[in-house]
Amino acid sequence: MDKYLDNLNESQREAVVHKDGPMIIIAGAGSGKTRVLTYRIAHLMNKGVDAFNILSLTFTNKAAREMKERIGTVVGTSEAKNLWMGTFHSVFARILRSEGHHLGFPSNFTIYDSQDSVRLISSIIKEMGLDKEIYKSKQVLGRISSFKNSLITVKAYYNNPDLIEADKMAQRPKMGEIYQRYVDRCFKAGSMDFDDLLLRTNQLLSQYPAVLAKYQDRFRYILVDEYQDTNHSQYLIVKALSDRFQNICVVGDDSQSIYAFRGANIQNILNFQKNYDNVKIFKLEQNYRSSNNIVEAANSVIEKNKTKLDKEVWTDNNDGERVKIMRTITEVKEAEFVANSILDHVKENEISLSDVAILYRTNSQTRAIEDVFRHRNYNIDYVIYGGLSFYQRKEIKDTLAYLRLLINPNDEEALKRVINYPLRGIGSSTVDKLSVAANHYNKSIFEIICNLGATDINLNAGVKTKLNNFATMIQHFKIEAETKNAFEVADFVVKQTRIIKDLEKDGTPEGVSKVENIQELLNAIKNFTVEQKEKGEDDSLAFFLEDAALASDLDKEAKDDSPKVSLMTIHMSKGLEYSYVYIIGLEENLFPSAMSMNTRSELEEERRLFYVALTRAEKQAYLCYAQMRYRWGKLVDCEPSRFIQEIDEKFVEHIAPQVTEFKQTKFLNDDIFGSVPQNKIRFKKPIQRTPTNKKPVPKVEFQAPKNLKKVTSKPTTASANLFDSKVTVGNIVEHTKFGKGEVLSLEGSAANQKAEIRFASVGVKKLLLQFAKLKII
Ligand code: ATP
Ligand code: MG
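Numbering of the sequence shown is given in UniProt numbering, commencing with residue 1 and proceeding in unit increments.
1. Taking C-alpha atoms, which residue in 194, 180, 327 and 604 lies nearest to residue 154?
2. If you check the beta carbons only, do residue 54 and residue 235 fall under 8 Å apart?
3. To the nearest angstrom, how far is it from the Cα of residue 568 to the Cα of residue 382?
4. Span of the beta strand (DSSP E) holding residue 537?
5. Once the 5 residues before and after residue 558 are set aside, which same chain residues still bring their CB inside 8 Å of it?
6. Helix, strand or coil for residue 459 per DSSP?
7. Quick one: Cα of residue 17 to Cα of residue 40, how far?
8. When you compare only the Cα positions, how much space is there between residue 403 and residue 335?
9. So, is residue 117 buried or exposed, given that buried needs 16 or more other C-beta atoms within 10 angstroms?
10. Between which two residues does the alpha helix (DSSP H) holding residue 321 run?
11. Give a yes or no on whether the C-beta atoms belonging to residue 198 and residue 233 are separated by under 8 Å.
12. Report the three-state DSSP secondary structure of residue 677 (helix, strand or coil).
13. Answer yes or no: do residue 410 and residue 748 have a C-beta to C-beta separation smaller than 8 Å?
14. Just checking my contact of residue 774 with residue 754 at CB under 8 Å: how many whole Å lie between their CB atoms?
15. Three-state secondary structure (DSSP) at residue 638?
16. Could you tell me the distance, in whole angstroms, from the CA atom of residue 332 to the CA atom of residue 598?
17. By the three-class DSSP mapping on this structure, what secondary structure does residue 504 have?
18. With DSSP run on the structure shown, which of helix, strand or coil describes residue 294?
19. If you drop the 5 nearest sequence neighbours on each side, which residues of the same chain put their C-beta closer than 6 Å to that of residue 395?
20. Roughly how many angstroms lie between the CA atoms of residue 606 and residue 323, to the nearest whole one?
21. For the region 451-465 and the region 425-442, state whether three or more C-beta atom pairs, one from each stretch, are separated by less than 8 Å.
22. Let me know the secondary structure DSSP gives residue 630 once reduced to three states.
23. I'd like the span of the alpha helix (DSSP H) that includes residue 23, first residue to last.
24. When you compare the region 497-511 with the region 426-439, are there three or more beta-carbon pairs, one atom per stretch, that lie closer than 8 Å?
25. Residues bridged to residue 221 by DSSP?
26. Any chance the CB of residue 569 is under 7 Å from a heavy atom of the ligand MG?
27. At the level of alpha carbons, what is the spacing between residue 33 and residue 81?
28. Does the distance from the C-beta atom of residue 483 to that of residue 30 stay below 8 Å?
29. Determine whether the beta carbon atoms of residue 613 and residue 579 lie at a separation below 8 Å.
30. Tell me whether residue 38 counts as near the ligand MG, meaning its Cβ is closer than 7 Å to at least one heavy atom of that ligand.
31. Closest to residue 109 by CA distance: which of 733, 545, 628 and 737 is it?
32. Let me know the alpha helix (DSSP H) ranges lying completely inside the region 347-386, each 4 residues or longer, listed in chain order.
33. By the DSSP assignment, the alpha helix (DSSP H) with residue 114 in it spans what residues?
34. Can you tell me whether residue 741 is helix, strand or coil according to DSSP?
35. Assess contact between the region 531-538 and the region 308-324, defined as three or more Cβ pairs (one per stretch) separated by less than 8 Å. Is contact present?
36. Say yes only if the C-beta of residue 615 is nearer than 7 Å to one or more non-hydrogen atoms of the ligand ATP, and no if none qualify.
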């Protein structure tokens with residue numbers, strides 16, 4: 001019956017079966033911490049603990065879903081569904097929906113994402129007549145966020161002379177007032193920002209003993225993954241909830257604490273033993289994830305940190321290849337190297353693109369990679385986690401804003417987004433007047449619009465009619481939402497507001513892509529309703545919006561399921577693993593970041609970040625750096641990152657670019673090389689082939705088809721007469737990079753003819769035939 005325990009080593013098993021009391025598992029990367037947590041939950045359930053009594057907090061909702069699935073295979077999926085599992089934010093948002101009324105919040109409160117918060121702060125700064133160069137809204141929000149995460153309320157702020165003095169010194173004496181207004185406005189709008197979800201939960205638990213008792217009784221077992229990155233606010237929630245039964249199991253690695261800049265407190269893990277009585281400590285030492293070379297390379301770097309708990313990490317896995325270090329001239333060369341190397345692995349090792357991740361220190365580094373991957377010579381599918389993800393795009397946010405507004409008309413940021421979108425003649429001066437009136441009467445803007453007659457707001461009759469029409473429309477939507485499911489409402493709203501019609505008028509390719517995005521949003525909502533219905537769960541719009549607001553970028557699954565290379569910042573990669581990992585931009589001032597080299601503790605955090613990056617790799621890790629890179633619009637000389645030098649030489653191998661490389665792919669780089677003074681392009685030493693780099697960089701040249709005009713093929717049924725060969729649906733063809741594949745369909749004609757081909761190596765791809773150079777076999 002306990003056969004699943006066979007999938008664990010002895011120390012893992014001990015941690016899994018240990019039953020009650022506080023416990024901590026501290027162990028290095030890849031040693032099975034998350035696995036232990038998963039099995040521990042399954043084991044508790046197997047031993048009779050009710051799923052409803054288990055709370056498990058994970059780093060992403062995706063991680064929670066995967067854990068639930070795995071637990072489901074041991075205890076049955078229907079039981080696993082009852083677990084309370086998710087990120088701090090999603091779990092406590094759910095609790096605040098039912099308990100927030102104690103604090104004066106409606107159950108349909110909306111959640112402001114960071115863009116909403118920044119907009120609100122900007123308008124407050126504007127209203128107060130402050131200098132926006134001194135009061136930079138993002139920085140102000142950062143400061144407010146750090147107050148909230150340390151549980152410093154507005155009142156506490158005003159009672160703390162040190163904080164007031166610090167803001168005065170920073171030339172921002174009005175910080176307290178901004179904070180006050182921001183909190184008031186969120187409250188009035190029935191909204192919470194991300195930090196509020198934790199702050200308000202803390203308030204709830206500390207001020208309402210009955211509520212605390214209820215959830216203490218519910219969550220008899222509490223488990224937390226990635227505990228090293230919890231902040232003070234999260235620590236207090238966990239502490240309060242676990243106080244009665246003391247069945248708290250936390251899992252983490254102090255060497256992977258990388259969120260100090262967002263208020264994470266490494267002391268939470270270091271002090272766990274002091275904060276609970278009779279703590280049982282477990283250590284795991286065997287790494288199951290990575291090759292020996294990777295494990296040892298990572299160990300040799302993290303050793304340089306002074307602040308850390310002593311831990312062993314070893315592996316029984318093969319030595320594998322050494323960690324490869326690649327120097328290129330520019331960031332574009334770096335990107336080309338990565339692209340070529342990935343395609344080589346795809347071809348030679350028959351790996352899937354989804355086995356590969358590219359990790360970087362800052363989001364802007366994706367630009368070169370994206371340009372190269374999208375280039376016709378490569379055509380590599382990728383997905384970016386973070387950055388401007390689907391749900392951050394303007395048209396999506398606008399559409400969602402309508403939906404948010406009809407759930408909660410007091411949501412000020414949503415209202416401002418759509419009050420004049422699509423254009424309906426309500427200008428920004430009207431919105432400013434409404435804001436002033438809302439402040440004056442202490443009502444929301446929507447309430448003011450609905451009661452224009454009762455205010456002394458000065459608007460002409462035409463504008464008043466427009467505002468009335470707007471309010472009527474929203475109220476109408478609200479009524480619809482009471483009886484319809486999420487998809488029906490969203491579809492209705494999109495049609496009624498004529499958002500799509502408006503974008504279609506635009507006629508530009510951007511407009512078209514926006515329409516597609518909105519349609520994709522409707523698809524997502526449709527899927528949601530179908531899935532929820534199947535599960536017998538809530539398929540209302542409110543529920544969908546909560547999902548959309550809380551899911552981190554990592555949780556947004558790629559739209560189609562063809563394999564893709566994953567691109568993400570190292571911060572996002574925590575807890576994940578990939579066979580092949582490329583860490584790019586390993587240069588001084590970029591990684592370690594120029595902003596984090598001033599103190600030992602900052603530098604140590606950067607080193608932990610590097611440790612996290614390297615330990616994501618299972619089979620092979622590549623560390624890339626460029627000798628020159630565009631930064632802030634200028635080409636700057638770069639030095640290799642100190643982290644490269646810190647790795648013990650035994651575990652690395654330097655691979656060098658080939659001297660001919662520059663010429664071969666020059667056409668890709670005209671933009672960059674065109675402006676590089678020739679004397680800047682220097683190779684440090686003659687470049688030689690190394691055994692691991694014996695193949696020349698694949699060269700695919702542009703060749704214009706000879707007789708394009710003669711091609712008269714019709715979509716899908718016809719054949720393409722290119723390169724003297726006819727490609728028809730059903731053909732098996734060979735592509736220089738992707739290998740063999742089957743032609744699934746053809747579309748377009750002449751120069752634009754495309755074929756959809758299913759390749760064994762990379763899945764289905766659409767290729768422009770005139771460039772694809774296919775050989776029929
Ligand atoms: P990180 O610190 O990166 O979060 P972790 O300690 O949580 O890592 P896991 O992700 O749980 O480690 O495990 C790493 C990999 O090793 C996973 O693929 C896991 O399935 C595998 N693994 C862990 N323990 C065992 C085991 N006893 N037998 C086989 N595979 C294992
Ligand atoms: Mg883990």
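In this text, a Cβ means the ideal position worked out from N, Cα and C, and glycines have one as well. Since the structure is predicted, the reported quantities are computational estimates derived from the model, not experimental observations.
On the basis of the supplied data:
1. Taking the sequence shown and counting its residues from 1, the one referred to as residue 154 is at position 154. Answer by Cα proximity: 180.
2. On the sequence shown, residue 54 is found 54 positions in, with the first residue counted as 1. On the sequence shown, residue 235 is found 235 positions in, with the first residue counted as 1. Not a contact, by the Cβ cut-off of 8 Å.
3. The sequence position of residue 568 within the sequence shown is 568, counting from 1. The sequence position of residue 382 within the sequence shown is 382, counting from 1. Between residue 568 and residue 382, the C-alpha separation is close to 10 Å.
4. As a first step, residue 537 is located in the sequence shown; it is residue number 537 there, counting from the start. Per DSSP, residue 537 belongs to no beta strand (DSSP E) and is neither H nor E.
5. Here the question's residue 558 lines up with position 558 in the sequence shown. Confidence at residue 558 is low in this model, with a pLDDT of 45, below 50, so the placement of that residue should be treated as unreliable; the coordinate-derived value is given next. Answer for residue 558: 383 and 564, listed in chain order.
6. Working through the sequence shown from its first residue, we reach residue 459 at position 459. Residue 459 falls in the coil class under three-state DSSP.
7. Locating residue 17 in the sequence shown gives position 17, where the first residue counts as 1. Locating residue 40 in the sequence shown gives position 40, where the first residue counts as 1. Going by the C-alpha atoms only, they are around 7 Å apart.
8. The count along the sequence shown starts at 1 and reaches residue 403 at position 403. The count along the sequence shown starts at 1 and reaches residue 335 at position 335. Cα to Cα, the separation comes out at about 40 Å.
9. Translated into the one-based positions of the sequence shown, residue 117 becomes position 117. Buried: at least 16 other Cβ atoms inside 10 Å.
10. Position 321 of the sequence shown, counted from the first residue, corresponds to residue 321. Residue 321 -> no alpha helix (DSSP H), and no H or E assigned at all.
11. Along the sequence shown, one-based indexing puts residue 198 at 198. Along the sequence shown, one-based indexing puts residue 233 at 233. Yes, Cβ-Cβ distance for residue 198 and residue 233 is below 8 Å.
12. Position 677 of the sequence shown, counted from the start, is the residue given in the question as residue 677. Reliability fails at residue 677, whose pLDDT of 32 lies under 50, so the model's placement of it is uncertain and the value that follows must be treated cautiously. DSSP places residue 677 in coil when its eight states are reduced to three.
13. Walking along the sequence shown from the start, residue 410 turns up at place 410. Walking along the sequence shown from the start, residue 748 turns up at place 748. It is not a contact, given that the beta carbons lie outside the stated cut-off.
14. Within the sequence shown, residue 774 is the residue found at index 774, counting from 1. Within the sequence shown, residue 754 is the residue found at index 754, counting from 1. About 12 Å; that fails the 8 Å criterion.
15. Within the sequence shown, residue 638 is the residue found at index 638, counting from 1. If DSSP states are grouped into helix, strand and coil, residue 638 belongs with coil.
16. For the purposes of this step, residue 332 is taken as residue 332 along the sequence shown, with counting starting at 1. For the purposes of this step, residue 598 is taken as residue 598 along the sequence shown, with counting starting at 1. Spanning the two alpha carbons is a distance of roughly 30 Å.
17. Locating residue 504 in the sequence shown gives position 504, where the first residue counts as 1. Helix at residue 504.
18. For the purposes of this step, residue 294 is taken as the residue at position 294 of the sequence shown. Three-state result, residue 294: helix.
19. Sequence index remark: in the sequence shown, residue 395 carries index 395 (1-based). Cβ neighbours of residue 395 beyond the five flanking positions: 514, 517 and 518.
20. Within the sequence shown, residue 606 is the residue found at index 606, counting from 1. Within the sequence shown, residue 323 is the residue found at index 323, counting from 1. So the alpha carbons of these two residues sit roughly 19 Å apart.
21. yes
22. Sequence index remark: in the sequence shown, residue 630 carries index 630 (1-based). Residue 630: strand per DSSP, three-state reduction.
23. For this step, residue 23 is matched to residue 23 along the sequence shown. Counting along the chain, residue 23 falls outside any alpha helix (DSSP H), though it belongs to the beta strand (DSSP E) covering 23-27.
24. no
25. Within the sequence shown, residue 221 is the residue found at index 221, counting from 1. In the DSSP output, where bridge partners are listed per residue, residue 221 has 54.
26. Taking the first residue of the sequence shown as position 1, residue 569 is located at position 569. The answer is no for residue 569.
27. Residue 33 sits at position 33 when you count from the first residue of the sequence shown. Residue 81 sits at position 81 when you count from the first residue of the sequence shown. Looking at the two C-alpha atoms, the distance is approximately 22 Å.
28. Mapped onto the sequence shown, residue 483 falls at position 483. Mapped onto the sequence shown, residue 30 falls at position 30. Not closer than 8 Å, so no.
29. Taking the sequence shown and counting its residues from 1, one reaches residue 613 at position 613. Taking the sequence shown and counting its residues from 1, one reaches residue 579 at position 579. Their beta carbons are not under 8 Å apart, which means residue 613 does not touch residue 579 by this criterion.
30. On the sequence shown, residue 38 is found 38 positions in, with the first residue counted as 1. Incorrect: residue 38 has no Cβ contact closer than 7 Å to the ligand MG.
31. To locate residue 109, count along the sequence shown from 1; it is residue 109. For residue 109, the nearest C-alpha among the options comes from 545.
32. 366-374
33. One-based indexing of the sequence shown puts residue 114 at position 114. Run containing residue 114: 114-127, per the alpha helix (DSSP H) assignment.
34. Position 741 of the sequence shown, counted from the first residue, corresponds to residue 741. DSSP places residue 741 in strand when its eight states are reduced to three.
35. no
36. Residue 615 sits at position 615 when you count from the first residue of the sequence shown. It does: the Cβ of residue 615 is within 7 Å (strictly closer) of some heavy atom of the ligand ATP.
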